[in-house]
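Structure first, commentary second.
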Amino acid sequence: MSARRLVMAWLGLMALGAAELAASFLPLPHAWRPLIIAPGVLMILIVAVTFMEVTEGPTIVRAFALAALFWLFILLALGAADPLTRTDYPTPQARVAPPAGA
Amino acid sequence: MSAVPATVPVKRGETEGSYLEDGHTLASWLLTTDHKRIALLYLGSITFFFFIGGIAAALVRLNLIVPQGLLGSAETYNRLFTMHGVVMVWFFLVPAVPVTLGNFVIPLMLGARDLAFPRLNLFSWYLFIAGGAVTLWALLVGGVDTGWTFYTPLSTGYSKSHVVLAAVGIFIAGFSSIATGLNFIVSIHRLRAPGLTWYRMPVFLWSMYSLSVLLVLATPVLAITLLLVTLERLFHIGVFDPAVGGDPLLFQHLFWFYSHPAVYIMILPGFGVVSEIIPTFARKPIFGYKFVVWASVSIAVISFFVWGHHMFVAGTSLYSAILFSILSYLVAVPSAIKVFNWIGTLHKGHIEFDAPMLYALGFVGLFTIGGVTGLWVAALAADVHLTQTYFVVAHFHYIMVGGMVSAFFGGLHYWWPKITGRLYPEMWARVAALIMFIGFNLTFFPQFVLGYLGMPRRYASYPPDFQVLNVLSSAGATILAVAYLLPLAYLTWSLIYGKRAAANPWRATGLEWRTPSPPPTVNFLETPVVTTGPYAFGAGDRMHHHA
Amino acid sequence: MPLARAIECTIMPSGAVRHDFQYATPAYQSQTAVAGMWLFLATEVLFFGGLILSWIYSRHWNPAGFDRGSQRASLAAGTVNTAILVTSSFAYALGLLRIREGDARGLVRCCAATLALGLAFLAVKFGIEWPDDFRRHLFPSDPDFGVQGPQQGGARLFYVFYFWGTGLHGLHMIIGVALLLWIMHRTRRGDFSKRYHTPVLVVGLYWSFVDIVWLTLYPLIYLIGRSA
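Respectively, the protein sequence lines represent chains H, R and L. Positions in the first sequence are counted from 1; adding 568 to them yields our numbering. Positions in the second sequence are counted from 1; adding 5 to them yields our numbering. Positions in the third sequence are counted from 1; adding 3 to them yields our numbering.
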């Protein structure tokens, strides 16, 4: 790790932050908007590699980091599977007719 | 690898005595960083909580001897079974084997001087005590009536009981768990003695490693969930509140994401203990070592994928329910592999029926029954009928009490000579093990029948037709209580009057038996070097020990 | 061994490097401490992960209201804070480079910069942004909530996520500030050198991780729901 690499990382982070901010002004449909987080994911990667030096050090450091990401993925994916596939029966207050055949 | 020192400088004048003699003041115990002393601090603590939870259970069973409920109040009954669940789950079952036997034995089995982070270990005990104190306070000022599962919106809004206090207590205790798991994982990675490769480690270490993964990754989700419940209760608004568009099922997802792995946190140590006891008392290496250790790891991983099976009738999507049902069947496979391998170990072994072995054999049988009945409730259609009945109650008690508590007692007896330097009275121990087996089955087998016949759980009263089975169950509970009090009596007796134990009274393998009983503070004066695999019994081995 | 003796083993008298008795070398213990911190950070990922799942649920069940709430959040404050925090991680990393050259004074200067930026973050967040949010009646249980009509429920849920999320993050920042002060104190005392500076490493990991949590919260709060 050198000061030069750190400065490059900082510049990269600023640029990606600006890109993420710009992306948020794009007129994306509601369901696609979470993709705006993509530059943010790259920013996280840069912080982990350059500032936290995840690629240096003992191997278990990388194992722990990957395990964290994997289990976060499981929590979010299996957890979101229910609301994303649930059949919603709106209450009368919502003033929407229930789906046919419900 | 030169990871661990070959020798340790022992100060001139320091006695060759054991860790028990290394300081007699209160401070030398309360400020210790010796994993062995911390294990004993924990042992006292969890024993205390076991009795609190046990008293709650006794009152529950007392209430159920008459159909209208002997205690007369459903509200009181709700608080009792909640107290029983909260205390038993978080202050006995989750910690029990890891913090007592794990803390004591792991560094010894690794050939290490201590765990990776001894001060963190001490801190974890203080966190446990703090969490326990807050939870006890919640119980003393009236308790909680939501069940140990804290479902919303009862817990976040409608309950008038001390939810926040209990949640805070459990939250604090959760960090104790995380600290312990972290310590174990790092220790097993970094502190193995020279020659102790992964495949030479006893199964107990693999089990403790697997359970530690669950401790560190699942418990944080419980922490955030309890925090969200607390904030919602305090501010009267939150993500679980349907009145603002929140989802009460989100609570259940978050809660069970932790609590399903939690049940494996509770049982994996039992697997580990039994995997040490059976080879020793059958004088044979464990059958299919690699299958057994990878089964532990698989259980740890797959256990995170099955939580939805607690929510089949809660209103989740059918597709997610189907997915979780399939995954739940998958997680049963490694457990079954272990059971077959234990039986394979017994086959053509030279079996000695000492107390640890009796407990271990009881574990295998009772865990199998509990596990198989789990498969029934994992089937969607069957679960519609069986869920929230006594069938489920019996299922998990077969695993937790028939399985885990048996394993805990088995392990306690097995390592008792190492920990205390004394032998317990064998005849009394065998008697207690048999009484436990009988009392346990009498308590919980009728509950399978009650559940199948439709008696709901968590009800203070029931239709008169169910009375006979309930009385049988309560009678069994009384016998079970005797079986738990006996070891308390004779183990305490053995501390003063028990015969002194040799380094290896069971003629077992494993590094912990190569050091005196009880061990010196530094565990090993010279770091052992490992040259063979685990369970390397000699041919024609016989055990000769005490009366 | 008693706590006092154990602490003695690791606290540094200036010059010599000691290590706990279960490790063979200081380097091995240092690497082990780093591994332990990474494992702790893994637990923090799951901790915040539960909160993220609640974001997914709340937004899924209340699409219009949730984004409406997001549009009321102060984009300027959030963006400025992101820049501040990223720079603070950069400053600390420079400090780590300095102590690897044996330059303890350089480390102190970099820590001071990190501290200043961290305090600036807290000042913007809790000194400007939150008070402004309260003034606009955006606290979720406010009876006179700043968003009315059918989108109110979703907006309230957004602000539950916002306040709990930034509140927890802020708590972690405050702990980070305390850790920074501890590092600066120990550095000035002469505890760290080219050969031994494990606490500097470990605190740096924590600080950068808190930065990562913010980098996750920032788009979830300020960016995704922004466009009408």
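Glycine included, every Cβ here is placed at the ideal spot set by N, Cα and C.
Skipping 5 residues on each side, what residues in its chain have a beta carbon closer than 6 Å to that of residue i?
i	result
residue 181 of chain R	129, 132 and 133
residue 467 of chain R	72 and 460
residue 364 of chain R	411, 414, 415 and 438
residue 90 of chain R	153
residue 203 of chain R	none
residue 27 of chain R	526
According to DSSP, is residue i helix, strand or coil?
i	result
residue 656 of chain H	coil
residue 427 of chain R	strand
residue 630 of chain H	helix
residue 670 of chain H	Here the model assigns residue 670 of chain H a pLDDT of 36, short of 50, so the residue's position is not dependable and the matter cannot be decided.
residue 597 of chain H	coil
residue 38 of chain R	coil
residue 394 of chain R	strand
residue 531 of chain R	strand
residue 461 of chain R	strand
residue 229 of chain L	coil
residue 285 of chain L	Here chain L covers residues 4 to 231 and nothing more, so residue 285 of chain L does not appear.
residue 505 of chain R	strand
residue 200 of chain L	coil
residue 8 of chain L	Confidence in residue 8 of chain L is poor, its pLDDT being 47 and thus under 50, which makes the residue's placement unreliable; the coordinate value appears in the next sentence. Residue 8 of chain L falls in the helix class under three-state DSSP.
residue 172 of chain R	helix
residue 452 of chain R	helix
residue 2 of chain L	Past the edges of chain L, shown from 4 to 231, lies residue 2 of chain L, and the structure says nothing about it.
residue 133 of chain L	helix
residue 346 of chain R	helix
residue 357 of chain R	coil
residue 217 of chain R	helix
residue 145 of chain L	coil
residue 624 of chain H	coil
residue 405 of chain R	helix
residue 151 of chain L	coil
On a Cα-Cα basis, can you pick out the residue from the options that is closest to residue i?
i	options	result
residue 510 of chain R	R:485, R:421 and R:468	R:421
residue 179 of chain R	R:189, R:135, R:213 and R:214	R:135
residue 219 of chain R	R:205, R:189, R:243 and R:239	R:189
residue 347 of chain R	R:202, R:282 and R:409	R:282
residue 446 of chain R	R:52, R:408, R:112 and R:507	R:408
residue 139 of chain R	R:176, R:63, R:83 and R:48	R:176
residue 553 of chain R	R:197, R:336, R:462 and R:35	With chain R covering 6 to 552 only, the question about residue 553 of chain R has no answer from this structure.
residue 503 of chain R	R:426, R:192, R:473 and R:405	R:426
residue 171 of chain L	L:31, L:148, L:220 and L:93	L:220
residue 314 of chain R	R:303, R:392 and R:344	R:392
residue 173 of chain R	R:356, R:95 and R:56	R:95
residue 149 of chain R	R:137, R:158 and R:169	R:169
residue 53 of chain R	R:301, R:101, R:534 and R:210	R:101
residue 626 of chain H	R:449, R:242 and R:194	R:194
residue 329 of chain R	H:614, H:609, H:641 and H:650	H:650
Is any beta-carbon of chain A found at less than 8 Å from that of residue i?
i	result
residue 79 of chain L	Structure shown: chain A not included; protein chains present are H, R and L.
So, at 7 Å on beta carbons, what are the nonlocal neighbours of residue i in its own chain, with the 5 sequence-adjacent residues on each side left out?
i	result
residue 144 of chain R	88
residue 296 of chain R	342 and 346
residue 163 of chain L	143
residue 433 of chain R	491 and 495
Note down, in chain order, each residue of its chain lying with its Cβ closer than 8 Å to the Cβ of residue i, except the 5 sequence neighbours on either side.
i	result
residue 212 of chain L	44 and 47
residue 38 of chain R	119, 123, 124, 126 and 127
residue 112 of chain R	40, 118, 119, 120, 192, 196 and 528
residue 83 of chain L	127
Worksheet item: Looking at chain L, which residues of the region 232-243 of chain R have a Cβ within less than 9 Å of any of its Cβ atoms?
Response: 232, 233, 236, 237, 240, 241, 242 and 243
Practice prompt. For the region 451-473 of chain R, enumerate the residues whose C-beta is nearer than 7 Å to any C-beta of chain H, in chain order.
Written response: none
Fill in: Interfacial residues, the region 118-150 of chain R to chain L, with Cβ spacing under 9 Å
118, 119, 120, 121, 122, 123, 124, 125 and 127
Worksheet item: When Cβ atoms are compared, which residues of the region 153-166 of chain R fall closer than 9 Å to chain H?
Response: none
Fill in: Residues of the region 50-69 of chain L with Cβ closer than 8 Å to any Cβ of chain H, in chain order
52, 53, 55, 56, 59, 60, 63, 64 and 66
Item to complete: Residues of the region 320-331 of chain R with a CB closer than 9 Å to any CB of chain H: list them in chain order, please.
Response: 320, 321, 322, 323, 324, 325, 326, 328 and 329
Practice prompt. Report the residue ranges of all alpha helix (DSSP H) runs contained in full by the region 42-97 of chain R; include only those spanning at least 4 residues, in chain order.
Written response: 79-93
Worksheet item: Along the region 134-164 of chain L, what residues have a CB closer than 8 Å to any CB found in chain R?
Response: 143, 144, 155, 156, 157, 159, 160, 163 and 164
Discussion item. To be precise: take each residue of the region 204-230 of chain L, compare its Cβ to all Cβ atoms of chain H, and keep it if any distance is under 9 Å. Which residues remain?
Written reply: 204, 207, 208, 210, 211, 212, 214, 215, 218, 219, 221, 222, 223, 225, 226, 227, 228, 229 and 230
Fill in: Residue ranges of each alpha helix (DSSP H) within the region 90-156 of chain R, 4 or longer
108-115 and 123-145
Worksheet item: What are the uninterrupted segments assigned as beta strand (DSSP E) that are 3 or more residues long and contained completely in the region 228-304 of chain R, given in chain order?
Response: none
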